[in-house]
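Notes for the one structure printed next.
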Amino acid sequence: LGATPVLTVPTVTERRLPNGPALKVVEHRELPLVQVTLTVAGGARLDRDMPGLASFAANLLDEGAGRRDANALQSELAFLGASLSTSANWDVTTISLKVAKRNLDAALDLMADVVLRPAFSAAEVRRQRDLRLASLMQAKDQPGTLAGLAFNQALHPDGHPYRAALGGDSTSTARLDSATVRAFYEGSIRPNRATFYVVGDISADEAEAALGKRFAAWRTSGPERRPAPVLAAAAKPQGLQLILVDKPGAAQSIITVGTTGVERTSADLAAIEVMNTILGGSFSSRLNSNLRETKGYTYGISSGFAYRPLAGPFTVSSAVRTNVTDSALVEIFKELTAIRDVPVSADELARAKAYLALAIPGDLESTSQIASELAYLANWNLPVSWLQEYVTRIEQVTAADVQRVARQFLPAQQGYIVVVGDLAKVRAGIEALHLGPVTVREVGAIARE
Numbered sequence: 023l024g025a026t027p028v029l030t031v032p033t034v035t036e037r038r039l040p041n042g043p044a045l046k047v048v049e050h051r052e053l054p055l056v057q058v059t060l061t062v063a064g065g066a067r068l069d070r071d072m073p074g075l076a077s078f079a080a081n082l083l084d085e086g087a088g089r090r091d092a093n094a095l096q097s098e099l100a101f102l103g104a105s106l107s108t109s110a111n112w113d114v115t116t117i118s119l120k121v122a123k124r125n126l127d128a129a130l131d132l133m134a135d136v137v138l139r140p141a142f143s144a145a146e147v148r149r150q151r152d153l154r155l156a157s158l159m160q161a162k163d164q165p166g167t168l169a170g171l172a173f174n175q176a177l178h179p180d181g182h183p184y185r186a187a188l189g190g191d192s193t194s195t196a197r198l199d200s201a202t203v204r205a206f207y208e209g210s211i212r213p214n215r216a217t218f219y220v221v222g223d224i225s226a227d228e229a230e231a232a233l234g235k236r237f238a239a240w241r242t243s244g245p246e247r248r249p250a251p252v253l254a255a256a257a258k259p260q261g262l263q264l265i266l267v268d269k270p271g272a273a274q275s276i277i278t279v280g281t282t283g284v285e286r287t288s289a290d291l292a293a294i295e296v297m298n299t300i301l302g303g304s305f306s307s308r309l310n311s312n313l314r315e316t317k318g319y320t321y322g323i324s325s326g327f328a329y330r331p332l333a334g335p336f337t338v339s340s341a342v343r344t345n346v347t348d349s350a351l352v353e354i355f356k357e358l359t360a361i362r363d364v365p366v367s368a369d370e371l372a373r374a375k376a377y378l379a380l381a382i383p384g385d386l387e388s389t390s391q392i393a394s395e396l397a398y399l400a401n402w403n404l405p406v407s408w409l410q411e412y413v414t415r416i417e418q419v420t421a422a423d424v425q426r427v428a429r430q431f432l433p434a435q436q437g438y439i440v441v442v443g444d445l446a447k448v449r450a451g452i453e454a455l456h457l458g459p460v461t462v463r464e465v466g467a468i469a470r471e
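Counting from 23, one number per residue, gives the positions in the sequence shown under the working numbering.
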């Protein structure tokens, strides 16, 4: 492929609105489109004793705002050819708007209603609450969901913000009402936590004027909601521990192998990403080549680190045929051990480094991709120019670096193994591997937590 071309990142103009929100603007004049993404720091880390509250409140922002109900709001957005979405993850609440430049003013009026004047009507809260309760009921029958819940509950202690599901549980959801949602909104959706990312056919002066006109009156109301005072990092388990969840009649077994990961601010980030690309972070990875292409155990298997303000998990995950559950575990640990014990080849190393470095320009193509990348980097107070430094660090990774971080961070000897499947068919084979002590958990107990 030759040498990796020099990465050019967009120029970001930074401003701040008088009432507090930060403003970051990238001129991207290829098409007459504008992307406006608003992030408000906090997200599900503010749920505290009500798991799922942040995501529920975010979902309701566009279910009626200002003088419009949900249908009227969506009708006006459709008339303008605009798309508007609201969501919350562990770290931020996000409101995103994409629209043609000629319709920006009218679309921003709608966005301002969504951000500043959400209705949170009692009837809509009840409707959305019932939908979520039905979704949670369905999730109890989804092996993949159960595997994720069981793994999080094993890895994270009580009180840890990542122990519960992002969408909460039936107990916390049943407690949701209009007053609770509005109190959360007033305590968390605040201008001092907000950043606007504006990308497209627009100048910084135009963006500042347009947003200032609609958001300059944004003020705080009610006490500020903060995360729990102590956010303890998850402790690594002693040895390997197996957690089995019975799903009689299941045609497949869901396997999750993992442990506590690493913070994204780690100095070893580039080496970790190169290592994971070789192991299970790409389609041509060792895990996928072995279990999918060679063995035919699965349609796909992957591995990865979840990067969050606290160290998120590292996981290997796959759905495999019931009759090869134990064999799949053997191959997974074969690959986890091999990348720790034997230096990767020069060819594998070069391909992984190219895979990572050459993918970055693709994340900076469209207006929405640029805004998303800026917002993602901001979680760690990183400028977009950091990407150039990251590419340089990737190019400097050696085979010795890959082996070192594999030995340090992979769960070949310490971690959790979660298997959701038909235990009558798979348990004996799994226990015969003698990977570690076995705990059997009931579906109902996992879903209730």
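All C-beta atoms in this analysis are idealised placements derived from N, C-alpha and C, irrespective of residue type, glycine included.
Short Cβ contact (9 Å threshold) for THR337 with THR278: Contact: yes.
Quiz item: So does the region 85 to 99 actually touch the region 32 to 39, counting three or more Cβ pairs closer than 8 Å?
Solution: Not touching, per the Cβ criterion.
Give the straight-line distance between the Cα atoms of LEU155 and ASP69, rounded to the nearest whole angstrom. Distance from the CA atom of LEU155 to the CA atom of ASP69, rounded to whole angstroms, is 17 Å.
What's the gap between the Cα of LEU445 and the Cα of VAL203?
Taking C-alpha positions only, LEU445 is separated from VAL203 by approximately 41 Å.
Neighbour-count burial assignment, LEU53, 16 or more Cβ in a 10 Å radius: LEU53 should be labelled exposed.
So the beta strand (DSSP E) PHE218 belongs to, where does it begin and stop? Taken as a continuous stretch (DSSP letters only), the beta strand (DSSP E) holding PHE218 covers 216 to 222.
- The beta strand (DSSP E) with VAL413 in it runs from where to where? Not the beta strand (DSSP E): VAL413 falls in the alpha helix (DSSP H), residues 408 to 417.
Can you check whether the CB of LYS269 is closer than 9 Å to the CB of VAL442?
Yes.
Proximity below 9 Å, CB of ALA216 to CB of GLY65 = GLY65 sits away from ALA216, with the two beta carbons spaced by 9 Å or more.
Buried versus exposed, by CB contacts within 10 Å (16 or more), MET159: Under this definition MET159 is an exposed residue.
**Request:** For TRP408, count neighbouring Cβ atoms within 10 angstroms of its own Cβ and tell me buried if that reaches 16, exposed if not.
**Result:** With fewer than 16 Cβ atoms within 10 Å of its Cβ, TRP408 is classed as exposed.
- List the DSSP bridge partners of THR337. Per the DSSP secondary-structure output, THR337 pairs in a beta bridge with GLY280, GLY326.
**Prompt:** In whole angstroms, what separates the C-alpha of ALA400 from that of ALA289?
**Reply:** ALA400 and ALA289 have their C-alpha atoms some 18 Å from each other.
Give a yes or no on whether the C-beta atoms belonging to LYS317 and VAL364 are separated by under 9 Å.
Going by C-beta atoms, LYS317 is not nearer than 9 Å to VAL364.
Identify the continuous alpha helix (DSSP H) that holds LEU36 and give its terminal residues.
Here the sequence assigns Glu to residue 36, which means Leu is not the residue at that position. Counting along the chain, no alpha helix (DSSP H) covers GLU36; the unbroken beta strand (DSSP E) around it starts and ends at 35 to 38.
| task | Mind reading off the beta-carbon distance from TYR207 to ALA79? Whole number of angstroms is fine, and I expect it under 8 Å. | result | Contact holds; Cβ gap of about 6 Å.
List the residues that DSSP assigns as beta-bridge partners of SER107.
Note: SER107 sits in a beta bridge opposite SER118.
Considering only their Cβ atoms, is the gap separating ALA350 from PRO313 smaller than 9 Å? Looking at the sequence itself, residue 313 is Leu, so the reference to Pro does not match. Yes, Cβ-Cβ distance for LEU313 and ALA350 is below 9 Å.
Going straight from the alpha carbon of ASP163 to that of ALA196, what length do you get? The alpha-carbon atoms of ASP163 and ALA196 are separated by roughly 19 Å.
| field | Limits of the unbroken alpha helix (DSSP H) element including ARG139 | value | Where ARG139 is concerned, there is no enclosing alpha helix (DSSP H), given that its DSSP letter is neither H nor E.
Who are the Cβ neighbours of GLY384 in its own chain at under 7 Å, not counting the five residues just before and after it?
Taken in chain order, the list of residues that qualify is empty.
query: Which of the three DSSP states, helix, strand or coil, is assigned to GLN57?
result: Residue state, collapsed to three classes: strand.
I want to know whether the region 258 to 267 touches the region 239 to 250 - three or more CB-CB distances under 8 Å. Contact fails: fewer than three Cβ-Cβ distances are below 8 Å.
Counting only the same chain and skipping the five closest in sequence on each side, list residues whose C-beta sits under 6 Å from that of ARG212. Hits under 6 Å: THR242.
_Here's the rule: buried if 16 or more other CB atoms are within 10 angstroms of the residue's CB, otherwise exposed. What is LEU153?_
Exposed, since its Cβ has fewer than 16 Cβ neighbours within 10 Å.
For ALA292, which residues in the same chain have their Cβ closer than 7 Å to its Cβ, ignoring the five residues on either side in sequence?
Taking C-beta separations shorter than 7 Å and ignoring five residues to either side along the sequence, the partners of ALA292 in its chain run TYR412, ARG415, ILE416, VAL419, following chain order.
**Asked** Just the Cα atoms here: how many angstroms apart are ALA144 and ALA201?
**Response** ALA144 and ALA201 have their alpha carbons spaced roughly 8 Å apart.
Practice task
Go ahead and pull the three-state DSSP assignment for ILE439.
Solution key: Looking at ILE439 - three-state DSSP - the assignment turns out to be strand.
* Euclidean distance between Cα positions of SER472 and TYR219 -> The structure shown does not extend to residue 472, since the chain is modelled only from 23 to 471, so the question has no answer here.
ask   = Based on the DSSP secondary-structure assignment, which residues constitute the bridge partners of LEU102?
value = BP columns for LEU102 are empty, so no partner.
_Straight-line gap, SER105 to THR59 (C-alpha atoms, nearest Å)_ = Approximately 11 Å, taken between the alpha carbons.
Less than 7 Å between C-beta atoms, sequence neighbours within five positions excluded: which residues of the same chain meet that for VAL16? In the structure displayed, the chain extends from 23 to 471; residue 16 sits before or after that span and is not available.
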